[in-house]
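>
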Amino acid sequence: MINVEITERSIRLSGHACRKASDGIDRACAAVSALTCSLINSLQDLTHDRVQAMAESGMTVIRWENLSDGGKLLVDSWFLGLTDVNREYNCIEFQK
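Residue 78 in the working numbering is what sits at position 76 of the sequence shown, and the numbering runs on without skipping anything.
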């Protein structure tokens, strides 16, 4: 299970979906990783928001002080993407 904790100033992801397809690819984890990397890059490159990101094996943390409207839109878009992944694979537990 992938655990996602969203607060007013951070996002924390941990865990692993562990649902490999017949070809051995874990599509859910790949999708969550791609969405999260895209979020980090977009926040850093497309906004003036000060964002700190840390990724280690099995865990990613993204922190900020204040998000601009553009930054909030990017986080909302990321969340919608995760919701779609969860609808397909039922592998994400959201916490607030």
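Glycine residues also receive a C-beta, built at the ideal position from the N, C-alpha and C atoms. Please read all numbers here as calculations on a predicted model, not as lab measurements.
Could you pull out every residue in the same chain whose Cβ sits closer than 6 Å to the Cβ of G72, ignoring the five residues on either side in sequence?
Along the sequence shown, read from residue 1 onward, the residue named residue 72 stands at position 70. Same-chain partners within the cutoff: T49.
> Please return the same chain residues whose Cβ sits closer than 8 Å to the Cβ of Q97, not counting the five positions on each side in sequence.
In the sequence shown, the residue the question calls residue 97 occupies position 95. Hits under 8 Å: N5, V6, E7, I8.
> Which residue comes first and which comes last in the beta strand (DSSP E) that contains N5?
Locating residue 5 in the sequence shown gives position 3, where the first residue counts as 1. Segment 4-8, the beta strand (DSSP E) holding N5.
> Please go through the same chain and pick out, in chain order, the residues whose beta-carbon is closer than 8 Å to the beta-carbon of S70, but skip the five residues on each side of it.
Here residue 70 refers to the residue found at position 68 of the sequence shown. Counting only Cβ-Cβ distances below 8 Å, and skipping sequence neighbours, we find T49, H50, D51.
> Exposed or buried, which one is C31 when buried takes at least 16 other CB atoms within 10 Å?
As a working note, residue 31 is residue 29 in the sequence shown. The residue is buried, with at least 16 neighbouring Cβ atoms inside 10 Å.
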